[in-house]
Amino acid sequence: MSPTKHFAAIIVEGGGAVELEEIDVPKPGKNEVLVKVVAAALNPTDWKSARPAERAGNVSGCDFAGVVEELGPGAGVYRQIGDRVTTCVYGARSANGAYAQYVVAKADFCIGIPDSWSFEEAAQLPIAVYTTAQCLYQSLRFNILPEPAAPEPLPILVYGSSSSVGNFVIQFAKHGRFEVHATCSPKNFDLVRGFGADKVYDYKDPEAPQKIREATGGKLKYAVDTISEHGSDKFISGALSDEGGKIACILPYSGTPRANIEPILSLAYDLVVDGFPAQRPDTGVSYIADGPKYAKLVTDLLAQGKLKPAPVLVMPKGLASVNDGFKYMIDGKVSGQKVIFRIADTPGLQ
Ligand SMILES: NC(=O)c1ccc[n+]([C@@H]2O[C@H](COP(=O)([O-])OP(=O)(O)OC[C@H]3O[C@@H](n4cnc5c(N)ncnc54)[C@H](OP(=O)(O)O)[C@@H]3O)[C@@H](O)[C@H]2O)c1
């Protein structure tokens, strides 16, 4: 029997902070599961979405990993009690968020965690892998794994390859038989080579776009921009072929330095939130049906041992460290790692 009350990180009005409060445990609805959270991960969207005043009172956090504790009506088709799962919810928008002891999620949107992955490692997956899938399969329209991405091996640039999204774009792209050119800081070169990058460049090197052009013979036509700010559009435009190309970006571009380059916005939320595309002027299409397809793909890749986790930084006080985690990320300290909150580390929680 699940408890009726639990502790959750509630957004405080103003200042983008959270505080722990005891609230009702959410009830799983049709095709939903109640998950007892073991570990939750920090994404930039979490601190960003804690700032608007209208989010006050909602539970923060999107990515989590834990154990299925209760099944809503119909959910047994997809999941069983005791399953180790990871997925994401639309954090900061309701009383259901990942920074909590319990969270309700769509059963068919849960990724199964193999025994070889800890909960702390698995919590880094959902937003990162779902964004990866949206970039490669929805925006750039490549064949979905296990098919090769295209009939011929193609070069692709992964800008910001040591980011959470970047390391999974590299891994998916390598399984799709791309030739991966990646950018990050030199201290992370070995890390991204370990994820499979073929060639790595320092994004602070002004010669790097030209070096990528030369290494790809002027034929680079595809890029995933996992940063999408601070001049990444200019860098990528300098590396792409004179014939033009496409960039899957993860924040909106205001344009590109060249007319024959098409930026296409990719959003993980499109897979999470029913009706979310209605907020997007560029498309009226719903991507929501792709969520379960990608959940199964990632479950299979994990079971086959085809994905590697990034190093995790477990914050010392579980949910009581969420505000420190926000600050650590806002200060730009996250580099080639995922910040994790382990619920059992929260002082005073049973
Ligand atoms: N559209 C979506 O659905 C979606 C999903 C996830 C994230 N996002 C957005 O994508 C961005 C990245 O998110 P994330 O979780 O992947 O980030 P993250 O893991 O926190 O990113 C950290 C990495 O960013 C790199 N970096 C920092 N500043 C940079 C700069 N000026 N130029 C190039 N690289 C830089 C660092 O690389 P080095 O340390 O190697 O320098 C670091 O490893 C955020 O703005 C987030 O809101 C969007």
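Throughout the sequence shown, residue numbering follows my numbering, covering 98 to 447 in sequence. Ideal placement from N, C-alpha and C gives every residue a C-beta, glycine not left out.
1. Jot down the residue ranges of each uninterrupted beta strand (DSSP E) in the stretch 99-164, minimum 3 residues, whole runs only, in chain order.
2. May I ask you to check if the CB of G113 is nearer than 8 Å to at least one heavy atom of ligand 1?
3. Name the one or two DSSP bridge partners that A192 has.
4. In the DSSP assignment, the alpha helix (DSSP H) including G263 goes from what residue to what residue?
5. Is the beta carbon of Y256 less than 9 Å from the beta carbon of A320?
6. Confirm the yes/no value for this check: CB of A225, any heavy atom of ligand 2, distance under 8 Å.
7. According to DSSP, is R439 part of a helix, a strand, or is it coil?
8. Looking at the unbroken alpha helix (DSSP H) that takes in E218, where does it start and where does it end?
9. Secondary structure at Y366, three-state DSSP: helix, strand or coil?
10. Please name the residue in G163, G188 and E166 whose C-alpha comes closest to that of A106.
11. Roughly how far, in whole angstroms, is the beta-carbon of P389 from the beta-carbon of F206, given that I think they are within contact range, below 8 Å?
12. To the nearest angstrom, how far is the alpha carbon of S261 from that of W144?
13. Of the residues L398, T101 and A137, which one's Cα is nearest the Cα of E218?
14. Between S432, L362, L131 and F373, which has its C-alpha nearest F140's C-alpha?
15. Identify which residue in K435, L337, V201 and H327 has its Cα closest to the Cα of A312.
From the atom records:
1. Inside the stretch 99-164, DSSP marks whole beta strand (DSSP E) runs of 3 or more residues at positions 102-108, 115-121 and 129-138, from first to last along the chain.
2. Flag unset: Cβ of G113 not near ligand 1.
3. Answer is none; A192 lacks a bridge partner.
4. It spans S261 to H272 - the alpha helix (DSSP H) in which G263 sits, taken as one unbroken run.
5. Contact flag set, yes.
6. No copy of ligand 2 appears in this structure; the ligands present are ligand 1.
7. The answer is strand: DSSP assigns R439 an E or B state.
8. That run of the alpha helix (DSSP H) goes F216 to A219.
9. Three-state result, Y366: helix.
10. Comparing Cα-Cα distances from A106 to each of G163, G188 and E166, the minimum goes to G188.
11. Yes, they are in contact, since the Cβ atoms of P389 and F206 sit about 6 Å apart, within 8 Å.
12. Distance between the alpha carbons of S261 and W144 is about 16 Å.
13. When C-alpha distances from E218 are compared across L398, T101 and A137, the shortest belongs to A137.
14. Correcting the residue type first, residue 140 is Asn in the shown sequence and not Phe. Of S432, L362, L131 and F373, the residue nearest in Cα terms is S432.
15. With distances taken between Cα atoms, A312 lies closest to L337.
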